[in-house]
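Residue numbers (our numbering): 2 to 85.
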């Protein structure tokens, strides 16, 4: 980065400028005090080309851990619910 000052607005770090330098899409809600940076384009392309879901795990109602990899090669249905 040649002009580090371009990453700041006064004394505050400009997260959207940092995201642009990194080549990552960003969503920023200054009023809500939250920001999210997404994976860069190459990372998204590799994930889509490989057709592999990210690794993650969840506990069942009895507290037993389950990982997505347990069902590799099988069809899966993941249901997500939110009450809002």
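Glycine included, every Cβ here is placed at the ideal spot set by N, Cα and C. What you are looking at is a predicted structure, and each value in this text was computed from that prediction instead of being measured.
Since residue 69 contacts residue 54 with CB under 8 Å, what's their CB separation in whole angstroms? At roughly 6 Å, the Cβ-Cβ gap stays under 8 Å, so residue 69 and residue 54 are in contact.
Per DSSP, what kind of secondary structure is residue 56 in: helix, strand or coil? In the structure shown, residue 56 adopts coil according to DSSP, grouped into three states.
The beta strand (DSSP E) spanning residue 37 covers which residue range? In the DSSP assignment, residue 37 falls within the unbroken beta strand (DSSP E) covering 35-38.
Could you spell out where the beta strand (DSSP E) holding residue 27 opens and where it closes? Element bounds for residue 27: 27-30.
Are the segment 58-75 and the segment 33-48 touching, with three or more C-beta to C-beta distances below 8 Å? Contact between the segment 58-75 and the segment 33-48 is absent, with fewer than three C-beta pairs closer than 8 Å.
At which residues does the beta strand (DSSP E) containing residue 68 begin and terminate? Where residue 68 is concerned, the enclosing beta strand (DSSP E) stretches over 66-68.
Is the distance from the Cβ of residue 26 to the Cβ of residue 7 below 7 Å? Against a cut-off of 7 Å, the Cβ pair of residue 7 and residue 26 comes out as no contact.
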